[in-house]
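In the UniProt record's numbering, the protein residues as written are 1 to 78.
Beta carbons: idealized from backbone N, C-alpha and C, even for Gly.
Given below as structure tokens:
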């Protein structure tokens with residue numbers, strides 16, 4: 001077998017790799033949101049309840065990016 005034959009046999013969908021890369025952004029975003037919330041609570045403990053609500057809203061918006069990424073993988077990959 002030469003290299004041309006091997007390259008001709010490679011097939012499949014790259015959508016799974018694309019979604020894996022798209023999931024990195026929301027993961028980093030959630031880490032930043034939670035870290036900043038912890039930092040804010042450490043500075044102003046009396047605002048812990050309000051900051052926690054804002055943290056959950058921020059996580060929800062950040063995870064929406066992951067859902068868009070998986071939808072894109074299904075739309076364009078399959």
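query: Within its chain, find whatever has a CB closer than 7 Å to the CB of residue 33; leave out the 5 residues flanking it on each side and keep chain order.; result: 55, 58, 59 and 62
query: Alpha helix (DSSP H) containing residue 42: first to last residue?; result: 24-43
query: Quick check: the Cα distance between residue 66 and residue 30, rounded to an integer number of angstroms?; result: 11 Å
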